[in-house]
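Undergrad: Got a structure for you, written out below as C-alpha cells; questions coming shortly.
In my numbering, the protein residues as written are 31 to 926.
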C-alpha cells in the first residue's frame with residue numbers, strides 16, 4: 031500500500047507540473063506564454079540592478095521579455111494594451127514613434143516596418159512578451175542574456191529617460207522601479223448617470239498691443255458631465271472684446287459593444303451640435319444642430335474613406351497631425367474652440383495617427399489612434415448603419431449674425447447609409463441624402479448604391495449616385511500594396527451638373543466633369559541606416575467650363591542627428607478658360623527635438639520655388655522647464671520679401687497646483703509693434719470624496735478625472751467604514767501628473783483623456799504599512815470629459831496559514847499528498863490557489879481576515895476522483911495568529 035501511495039504521490043507531482051495553469055490564450059496573433067518555461071532574470075543597466083526577478087519565458091539564451099515591465103524599469107514612454115495586443119509609444123529625444131500590433135505580426139519604429147514571427151511574441155493577461163533578439167530591433171538597447179547566471183545586462187545605445195533622470199538627481203541609486211509582480215486588472219465601471227456635477231475648464235486671456243490701442247479680452251469655457259444618462263459637453267468662446275461669439279452643446283453616448291437605441295444596436299449616439307456622415311459620392315460631413323448615430327464598429331475604416339479628425343483646441347495652443355510618422359498638416363489657431371483635419375486619406379493596412387498638441391507654456395501632449403484599414407467589407411451577414419440629420423451651419427445656441435451665415439446654411443441636411451456583408455468578399459452599400467445645394471442651387475435629393483470587394487488581389491470600390499435634379503456621378507477605386515508600396519487610386523465622372531461635396535476642390539459655382547487621384551505611401555531603402563517614409567498624392571480635376579487643375583503634395587520625415595525632420599512640397603496648377611495658367615510650388619521644413627529631456631526645440635521654414643524661388647518665413651521656438659512649476663519660452667520669427675520683419679517673443683509660465691499662469695510678450699523690430707499678454711487657465715471638478723468642488727489645473731472638462739481613495743479594509747467588505755484607517759503614500763501614475771494619496775488616503779487625478787479604455791498604475795511600495803494586500807495595481811477605466819471615476823482601493827491586513835493534506839494508508843497512518851492543488855475560498859472574493867509540496871503541506875499567503883473554506887481544485891479533484899473527507903473551514907485573524915489546518919482526502923464520490 032505504501033508503494034502504491036508513493037507511486038500516487040509521484041503521479042500527482044507529474045500532474046501538478048503538467049497541469050500548471052497557463053495564461054489565457056490570445057484571441058489571435060500571439061500565443062499565450064507557457065508557465066512551464068518561466069525564467070526569472072536579474073536585470074542590470076550600467077552595473078545598477080534594476081530588478082532581481084524579471085519574469086521571462088522560453089529559451090534562456092534568447093528569452094521572451096515583458097515589454098510593459100521593461101518600459102517601467104527604463105522609464106520609457108510606452109503603453110502596453112494586452113487585450114488589443116498592441117504597444118504604442120515614443121522613444122528618444124527625437125520622440126520616434128513606436129507601434130507594435132501582434133495580431134498583424136508587425137512593428138513600426140521611426141517609420142521602419144519590422145516583421146515579428148509567431149515564435150518571437152507571446153501574451154499574458156497583463157503584459158506582452160517579445161523575444162530579446164527581436165526587441166533589440168525596436169528599443170535602443172543591446173540585450174545580453176547570461177543563461178548560467180540568470181542575468182540580463184542592458185547596454186543603452188542612446189541616453190534613456192531613466193539615465194537622464196538619474197543624472198538630474200546627481201546619483202545612480204534611488205531608482206524605485208520595482209512595481210511588484212504582474213497583477214491582474216482592476217476594472218472600474220464608468221456608467222452614465224442621470225446627473226453628475228459638471229466639470230469646467232476656464233481660460234482667460236488679456237493683452238494689449240501697439241496697433242489696436244485697447245485692452246483685448248478673450249475667454250474659453252468648457253463644461254462637461256453626465257445628464258440624462260448621456261455625456262454632456264458644452265463650449266462658449268468670446269471674441270477679442272469679450273463678447274460671446276461661439277457656443278456648442280452636445281449630448282452623446284458610446285458603447286463599443288453596441289446595445290444603444292434598442293434593436294438598432296448602435297455603438298454611438300449624439301444629439302445637439304453634431305455632424306452628419308458622408309457618402310461615397312455627393313454629400314460630405316457637415317455640422318449643425320440635430321442628431322446622429324452609427325451601428326458600425328468604432329474602429330472600422332475603409333481605405334477609400336477619408337476621415338475627419340476633430341477635437342478641442344484651447345486658445346494659445348497649436349496642433350500637428352502625423353500619419354504613419356509623416357507630418358501631414360497643422361493648425362495654429364482654433365476654429366470655434368477646436369481643431370479640424372478634414373478629408374484625411376488613409377492607406378491600406380496599419381495606420382498610426384498621432385495628434386501632437388503644443389501648449390503656450392511648453393506643454394506637449396500626444397494622442398495616438400491605430401486604425402487597421404481594409405477595403406470596407408463587412409463580415410457576412412453583418413449590417414452597419416450611419417445616420418445624421420442637422421440644420422446645417424446653425425448651432426443649438428446660435429450666436430451668428432445674419433450677415434455671417436454662409437449660403438446653404440440653415441437648410442436641412444439628412445444623410446443615411448446602410449452597408450450589408452453579402453459575403454466575406456462583397457459588401458453592398460446603399461445611401462440617401464437630402465442637403466442644401468449651396469449658392470442658390472436649392473435643395474438636393476440623392477440616392478446612391480455602392481459595392482466594396484476585391485479584384486485581382488486588390489481592394490476595389492464602385493459607387494453610383496443619382497440626384498433628383500438630373501445629375502449623375504460614378505466612381506471606381508482600387509487599393510493595394512504592390513512591391514511594398516501602399517497605393518490608392520480613384521476616378522470619378524460627373525454628368526448633368528452633379529455636385530460632389532466629397533471632392534476637395536468642390537465649388538458649387540464651378541461644377542466638375544471628372545476627378546482623378548492617386549496616393550502612394552512607402553519607405554525608401556535604408557540610407558545611412560535611416561528609414562525615410564514618403565507620402566505622395568496627385569489629383570487632377572476637369573471642370574464643366576473646360577478648365578483643369580492639378581494638385582500634388584509630397585511629405586517625408588526622418589531622424590537626423592537625433593532631430594525629427596519633416597519636409598513637404600505642395601504644387602497647384604489652375605488653367606481657366608480665357609485666362610493665363612496659374613501655378614505654384616511651395617515647401618516647408620519642420621524640425622523638432624528634445625535636448626537632454628529638458629529643452630524642447632521646434633523650427634519651421636517656409637519657402638516658395640515657383641513662380642519665384644524665395645524664402646517666405648522662418649520660426650524658431652525653444653521651451654525650457656526649469657522645474658515642475660516654472661518654465662519659459664524663447665522664440666523668433668523672420669518673414670522675408672516685401673513685408674520682411676523680425677519678431678522676437680518671450681514667455682514665462684507657472685504651473686500651479688490649481689491653475690496655469692502665463693505672461694508673454696513679442697516685438698516686431700521693423701514695424702516696432704509690440705504686444706503684452708497674460709493668460710490664466712484652470713479647471714473646476716467635483717470631488718465626491720470631499721463632496722465639494724476643487725480648483726485644478728486645466729483638463730477636467732476636456733477629459734476624464736478620478737477620485738482615488740486608499741484605506742485599510744478591516745472587515746474585508748471593500749467599503750470604507752467607521753473606524754477604518756486611510757492609507758497615505760499610495761502613488762498613482764497614468765494621469766497628466768503623478769499623484770500620491772495624502773493623510774486622508776485620497777488623491778484627485780485629472781487629464782485622463784477621452785477614450786474607450788484608459789489605464790492607471792497604483793504603487794503601494796512607499797506606504798507606512800506591512801503585511802497588507804491590495805487590489806491589482808493595474809487599473810482600467812473608461813474616461814470621458816467631465817466624468818469623475820471613483821476608485822475605492824481597499825488594503826487589507828494579510829496573514830498566511832499552513833495547510834497539510836493527507837490520505838490514510840492501509841494501516842491507518844496518514845501520509846502527505848504532493849502536487850495536489852488546493853484553494854482557499856471566501857464569499858465575494860477570488861479563490862486563492864496553491865500546490866502542496868512533497869509532504870502534502872503548503873503555505874497559503876495573502877489571506878485577508880475572514881472565514882475561508884478549504885477546497886480541492888475542482889478539475890483536478892474530478893480527474894483523480896478525490897474529495898475531502900469532511901468540510902474544512904478556517905478563520906483568518908487580523909493579528910496573524912491563525913492555527914494550522916489539517917485536512918484528509920479520500921477517493922470516491924460522497925456517500926448519499
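The beta-carbon is built from N, C-alpha and C at its ideal position, and this holds for glycine as well.
#1: Excluding the 5 residues preceding and the 5 following residue 451 in the sequence, name in chain order all residues of the same chain whose CB lies nearer than 7 Å to its CB.
#2: Grouping DSSP H, G and I as helix and E and B as strand, with all else coil, what is residue 292?
#3: Decide yes or no for the touch test of the segment 722-729 against the segment 698-712: beta carbon pairs closer than 8 Å, at least 3 of them.
#4: For my contact list, residue 742 and residue 829 are in at a C-beta cut-off of 8 Å; report their separation, rounded to the angstrom.
#5: Is residue 921 buried or exposed, if buried means 16 or more other CB atoms sit within 10 Å of its CB?
#6: Measure the Cβ-Cβ separation of residue 586 and residue 564 and say whether it is below 8 Å.
#7: For the structure I just gave you, are there three or more beta carbon pairs, one from the segment 818-829 and one from the segment 730-737, closer than 8 Å?
#8: For the alpha helix (DSSP H) that contains residue 163, what are its first and last residues?
#9: Which residue comes first and which comes last in the alpha helix (DSSP H) that contains residue 97?
#10: So which of 383, 526, 462 and 716 has the shortest CA-CA distance to residue 339?
#11: Among 258, 148, 159 and 194, which has the Cα closest to the Cα of residue 106?
#12: Less than 7 Å separating the Cβ of residue 546 from some heavy atom of the ligand PLP?
#13: Across which residues does DSSP place residue 955 in a beta bridge pair?
#14: Are the segment 319-329 and the segment 348-362 touching by the rule of at least three beta carbon pairs closer than 8 Å?
#15: Where does the unbroken beta strand (DSSP E) through residue 775 begin, and where does it stop?
#16: Would you report the Cα separation of residue 169 and residue 144, rounded to the nearest angstrom?
#17: What is the DSSP secondary structure of residue 756, reduced to helix, strand or coil?
#18: Which complete beta strand (DSSP E) runs does the segment 169-199 hold, if anything under 3 residues is left out?
#19: Could you give the C-beta distance for residue 543 and residue 520, rounded to a whole number, given that I count them as a contact under 8 Å?
#20: How should residue 782 be labelled, buried or exposed, when 16 other C-beta atoms within 10 angstroms of its C-beta is the threshold for buried?
#21: Any contact of the segment 661-680 with the segment 639-653, i.e. 3+ C-beta pairs under 8 Å?
#22: Give the C-beta separation of residue 771 and residue 757 to the nearest angstrom, bearing in mind that I take them to be a contact with Cβ-Cβ under 8 Å.
#23: Measuring straight from C-alpha to C-alpha, what distance separates residue 444 and residue 629?
#24: For residue 918, I'd like the list of residues in its chain whose CB is within less than 8 Å of its CB, leaving aside the five on either flank, ordered along the chain.
#25: To the nearest angstrom, how far is it from the Cα of residue 659 to the Cα of residue 621?
#26: Beta-carbon within less than 6 Å of residue 916's beta-carbon, same chain only, minus the 5 sequence neighbours each way: which residues are those?
#27: Look up residue 743 in the DSSP assignment and give the residues it is bridged to.
#28: Do you know offhand how far residue 929's Cα is from residue 541's?
#29: Assign residue 305 to one of two classes, buried (16 or more other C-beta atoms within 10 Å of its C-beta) or exposed (fewer than that).
#30: What does the alpha-carbon distance come out to for the pair residue 503 and residue 484?
#31: Smallest Cα separation from residue 446: which of 89, 479 and 693?
#32: On the CB-based measure, 16 or more other CB atoms within 10 Å of its CB, does residue 271 come out buried or exposed?
#33: Can you tell me whether DSSP reads residue 592 as helix, strand or coil?
#34: For residue 810 versus residue 158, is the C-beta distance shorter than 8 Å?
#35: Quick check on residue 154: buried or exposed, where buried means 16 or more other Cβ atoms within 10 Å of its Cβ?
#36: Less than 8 Å separating the beta-carbons of residue 90 and residue 162?
TA: This is what the structure holds:
#1: Taken in chain order, the residues that qualify are 407, 408, 409, 410, 411, 412 and 457.
#2: helix
#3: yes
#4: Not really, about 14 Å apart at Cβ, beyond 8 Å.
#5: By the neighbour-count criterion, in which 16 or more other beta carbons inside 10 Å mark a residue as buried, residue 921 falls on the exposed side.
#6: yes
#7: yes
#8: 162-165
#9: 97-104
#10: 383
#11: Residue 106 has its Cα closest to that of 194, out of 258, 148, 159 and 194.
#12: No copy of the ligand PLP appears in this structure; indeed no ligand is present at all.
#13: Missing from the structure shown is residue 955; the chain here goes from 31 to 926 and no further.
#14: no
#15: Segment: none, residue 775 is in no beta strand (DSSP E) and carries neither H nor E.
#16: Taking the straight line joining both Cα atoms gives about 12 Å.
#17: Secondary structure at residue 756: strand, using DSSP grouped into helix, strand and coil.
#18: 171-176 and 181-186
#19: That pair is no contact at about 16 Å.
#20: buried
#21: yes
#22: 7 Å
#23: Note on geometry: alpha-carbon atoms of residue 444 and residue 629 lie some 50 Å from one another.
#24: 835, 836, 837, 838, 844, 898, 899 and 900
#25: Distance between the alpha carbons of residue 659 and residue 621: 26 Å.
#26: Cβ neighbours of residue 916 beyond the five flanking positions: 834.
#27: BP columns for residue 743 are empty, so no partner.
#28: Only positions 31 to 926 of the chain appear in the structure, and residue 929 is not among them; the question remains open.
#29: Answer is buried; the Cβ neighbour count reaches 16.
#30: 22 Å
#31: 479
#32: exposed
#33: coil
#34: no
#35: buried
#36: The answer is no: Cβ separation not under 8 Å.
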